[in-house]
Amino acid sequence: MTKISRRHFVMGLGASLLAGCGGGGDDADAASVAPATTAGGSTTAPGAPINKTPVAPPSGAVQIQSFTHPGLLHTEADFARMRTKVGAHASPWIDSWNVLVANGHTRLTNKPNPQAAIYRGNDPTHAQNYGTLYHDIAAAYGDALRWKVSNDKQYADKAIEYLDQWASTLTTLGGSDVALAAGIYGYEFANAAEIMRSYSGWSRAGLAAFQSMMRKVFYPASHGFLTRIDTAMDTHYWANWGLANIACILAIGVLCDDADLVNEAITHFKTGGSNGCIRQAVYYMHPGNLGQWQEAGRDQGHSTLGIALTGAICEMAWNQGIDLYGYDNNRFLAGAEYVAKANLTQPDGTFYTVPFVTYQNSAGVIQTQLSTGGQGGALGRPCWALVANHYINRKGLAAPYTKRAADHVAPEGGGGNYGPNSGGFDQLGYGTLTCTLDPGTPAAAPSGLTGHAGAGKVVLSWWGTSNATSYSVKRATIAGGPYTTIRSGITDLLTYTDTPPAAGTYFYVVTAQTISGESTVSNEVKAITAVQLLAHLAFDEGSGTTAADSSGNGRNATLNGAAWGAGRSSNAVSLNGSGAYVALPNDLLVDVSDFTIAAWVFWDGSQTWARLFDFGTGFHRYMMLTPRGQLRSGWAGMRFAMTANGPGDGPPEQIIDAPTELPSKRWVHVAVTLSGSTGTLYVDGAAVSTNTAMFQAPFRLESTTQNWLGKSQYSTDPTFSGRIDDFRIYRGALSAAQIASLMAS
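Counting in our numbering, the sequence shown runs from -18 upward without gaps.
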C-alpha cells in the first residue's frame, strides 16, 4: 500500500457464505458500497424517469446500432438446435433436457409468489426474503425453455404468469446486499423475459410493464453500484459483485433496446473501476495464459461464480455482435482455464498445481496462496458448457481444462439442482442443453502469441488449436524468417522461455503439430533483449511548451503550466508544485519488461507523495517514483512503486523503498532499474535499495494514457516542486557500473 491513511478501505469481510450454498453465495457485508436505501422504492419511485448518465464506449468499442431478439443467452438459432437435438433424443442435449423436465420449478401447478419488496442482506426493519424471487425466476426461465423446445404453450402461459405478476407487484429492492441481488436476479429475470418476448400470448402492455419494472427496480441499484465504484477510487473487494451488476445492466439494455445501457456495461467490463472489469477479475497473467482469478485466494465457490457471471456477460454481448470473449487476447479464457485447472484432479487423485502471486484486496486482506475452500466441489457449478463450446467449437481453440470441467458437470441442471439456498440459483443453468454445439473447425494455427524479454530471457505464451497434439517454437533474427526450430514437443503449458545466444532483437512464431501434419505459423512477435534508449528529454529548449526527444524515437513531451529554469547542464523544466506537470506520449512502456529510468533532479523538498514521474491509467495501473512517501509506521523515504491492479486491489504494489527521502535543495542523480525480478533504486550513482521479488513489469500495465512528470494518478497528491533535467528511459536494465557512468557523463 502506498497511502493507507488516505485510501478509503472497507474494513472487515462481512458475513460468511449462506449455509448450504456450497461456497456459491456472496453475502458479504457491503454497507460501504451498497446502499441501505431501497432501489426502485425510495431511490426511484414507480413511474419516475430513470436518472442515468450514459457512459461513452471506450475508444474502438463496438457501439450497438440494432438489436437481435431473442438475443441474450439464447438466440432463435440456439432454440432451433435444441428442438432438433431433443427431438432426435441426441446426447448430451436430451440428458440436460431430462434434468430440466424433472426440475420441480417447472410444474404447471406451481404458482407465482410476487412480493412488493425484496431484501437481501442486513436491513434494520425487514427480514431477508430474496429466496422468493430467485425461486420464481428459476420457474419462469425453466418454463420459458420448455415452451421454446417443446412448443407446449402451457409452459409459455405459465412463464408469462410469473413475469406479469412480478411486474405488477415488485417496486423495491433493499438490504445491504441490494446490489448483489439486483445484479444476479436482474440479469436472470431479463433473460426469462427476453425468451418470452416473441410469444404471441404476451401482450405488448405486459412486456412494456416488465421492461419498466426492470428499469425502475433493478437498474438503479446496479448503475448506482458501478457508478460509486468508478468515482470513489475504490473497488468492492470481490469480483462477482461487479460482474453481477455488469450482467444486469447489459441484460436490461438488450431487453429494453437501450444502447446506452449496453455501452455502459461494455465500458465497465473493459475499463471500469470494479473488480468486475476483466483486467481486475483476471488480474495476473501467468506464462502459458493461465489467468489468476481475483477470488482464487478466497475460495473456489466464488471463483466459479465469477466464471458463470463472466460467461453470461460474454455470451449476451456475443449475441448482439460484440466480442468480449476475445477481448484482451482471450483474457476470460485465461481465467476460466486457471479456475478449472485449480479444481481438477490429476490421475493420482491430487489437484493440479496452479501458480499464484500474492494478492491484496481493498479490505486489506492479503492472500498468499490458492484457497482450498470448496476445491473440487465448486467445479460442479453449471457454467462450463457455455465457455467450452464458445472457445473450442466456435473458435477452434484449445481449452483443455475448461473442456474437462464441462465434461465433469454434464449434463448441467438449473435452479435448485445445486442446493436449496442462493448458491444453487446464482446461475440459470441447463448449459448442456442450451450451449452444446456440434464439433467446430479447429483453428488453422496457434494464435495470440506474446513474448516478453527480461534478464536476457524471452517468455513466450500462446493459444493452441483444438486439434493439436504438440507445439513447436521457432526463432529468427529478421522479421518474417527464416526461422529455426528451437523447441518442439511442447504440450502443456503453452509457454516456452528462450535464452537467446546474445543481446539483440529476435522474432518468434509457433506451429501446431496435428494428425494432419504441421500447421501454418502463428502471429509473429518481436522481443528485444538489448538495452535501448527509448526516450531522452534533455530539456534544453528554454522556451515554448515542447520538450524534444533526442533519442530519435519521437517521444516528445508537452509542458502543462511548467516553466523553464537553470539545469544541471544548460536548461531544465521547472515545476511549481501548484499543478504544473509534463505530459509524455501514450504507451511509453507498453512492450517493455526490464527498464531503466534516470534523471537529474533538484527537489525543493517537504512534499509528501509528490511524483517525480507517474505512468499509468489511473489508480488501478501505474508505476511511479516519489521523492518522499510516508506511512503510519513512521517510515518516510523515497519510493518506487508499480501495480497493475491498484494499491488495495490486486497484487500488492511492487515497492522499492529507500531508507531516506531524496536529498533536497541540490542536484541529485536518481535512477530505478528492473532486471527480471530484481528492482534497484539508485541515488547519486549508488544503489540505496533493492527488491528481488518483483513480479510486475511495465508491459503488465498495458496501454498507458497518463504518463506524467511531476503529477500523480491520484488527484489529491501534491504536484512536484523543483526542476528535472536529462530525463531518460531505457529498454533494459543498466548495470550499476553503467548507472555510475551515466551519472558521471
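A virtual CB, placed ideally from N, CA and C, is assigned to each residue, including glycine.
1) Is there contact here, the region 51 to 58 with the region 290 to 298, by at least three beta-carbon pairs under 8 Å?
2) Within 10 angstroms of its Cβ, does G461 collect 16 or more other Cβ (buried), or is it exposed?
3) DSSP state of S531, grouped into three classes?
4) Assess, as a yes-or-no matter, whether the region 699 to 706 is touched by the region 588 to 605 under the definition of 3 or more beta carbon pairs within less than 8 Å.
5) For P201, name the three-state secondary structure that DSSP assigns.
6) For my contact list, G445 and A493 are in at a C-beta cut-off of 8 Å; report their separation, rounded to the angstrom.
7) Is the region 184 to 197 touching the region 142 to 151, taking contact as three or more C-beta pairs under 8 Å?
8) To the nearest angstrom, report how far apart Y758 and S442 are at their CA atoms.
9) Identify, in the order they occur along the chain, each residue of the same chain with its Cβ nearer than 7 Å to the Cβ of N94, setting aside the five sequence neighbours on each side.
10) Below 8 Å CB to CB, which residues in the same chain sit around A379 once its five sequence neighbours on both sides are set aside?
11) For S469, I'd like the list of residues in its chain whose CB is within less than 6 Å of its CB, leaving aside the five on either flank, ordered along the chain.
12) Sorted by chain position, which residues of the same chain lie with C-beta nearer than 6 Å to N103's C-beta, five sequence neighbours on each side aside?
13) T415: buried (16+ other C-beta within 10 angstroms of its C-beta) or exposed?
14) Helix, strand or coil, according to DSSP, for T285 in the structure here?
15) What are the partner residues of M604, as DSSP defines its beta bridges?
16) Who pairs with L441 in a beta bridge, going by DSSP?
17) Just list the residues that DSSP pairs E499 with in beta bridges.
18) Please report the straight-line C-alpha distance between Q694 and A625, rounded to a whole angstrom.
19) Measure the alpha-carbon distance for Q261 versus Y218 and round it to whole angstroms.
20) Hey, how far is the Cα of T431 from the Cα of V506?
21) To the nearest angstrom, how far is the alpha carbon of T786 from that of S670?
22) When burial is assigned at 16 or more other CB atoms within 10 Å of the CB, is I720 buried or exposed?
23) Do A321 and L351 count as a contact pair if the criterion is CB distance below 8 Å?
24) Considering only C-alpha positions, which residue in the set Y180, N256, W616 is nearest to F206?
25) Does the region 294 to 308 come close enough to the region 633 to 652 that 3 or more CB-CB pairs lie under 8 Å?
26) Rounded to the nearest angstrom, what separates G618 and A639 at their Cα positions?
27) If you scan the region 378 to 426 from start to end, which runs of the alpha helix (DSSP H) of 4 or more residues do you find wholly inside it?
28) CB A148 to CB Y180, shorter than 8 Å?
29) Roughly how far, in whole angstroms, is the beta-carbon of Y319 from the beta-carbon of G272, given that I think they are within contact range, below 8 Å?
30) Considering just the uninterrupted stretch of the alpha helix (DSSP H) at T90, what are its terminal residues?
31) Three Cβ pairs or more, each shorter than 8 Å: is that satisfied between the region 686 to 693 and the region 589 to 605?
32) How about A424 and G377: do their beta carbons lie closer than 8 Å?
33) Roughly how many whole angstroms lie between the Cα atoms of S47 and N300?
34) Determine whether the beta carbon atoms of S574 and H371 lie at a separation below 8 Å.
35) Quick check on T539: does DSSP put it in helix, strand or coil?
36) Give me whichever residues DSSP pairs with M266 in a beta bridge.
Quick look at the numbers:
1) yes
2) exposed
3) coil
4) yes
5) helix
6) 6 Å
7) yes
8) The structure shown does not extend to residue 758, since the chain is modelled only from -18 to 726, so the question has no answer here.
9) T113, D117
10) I373, W444, G445, T446, S447, A449, L475
11) S453
12) S157
13) buried
14) helix
15) F596, M623
16) G432, Y477
17) Q494
18) 13 Å
19) 11 Å
20) 6 Å
21) Outside the modelled stretch of the chain, which goes from -18 to 726, sits residue 786, for which no answer is possible.
22) buried
23) no
24) N256
25) no
26) 6 Å
27) 381 to 390, 412 to 416
28) no
29) 5 Å
30) No alpha helix (DSSP H) contains T90, which DSSP labels as neither H nor E.
31) yes
32) yes
33) 12 Å
34) no
35) strand
36) G272
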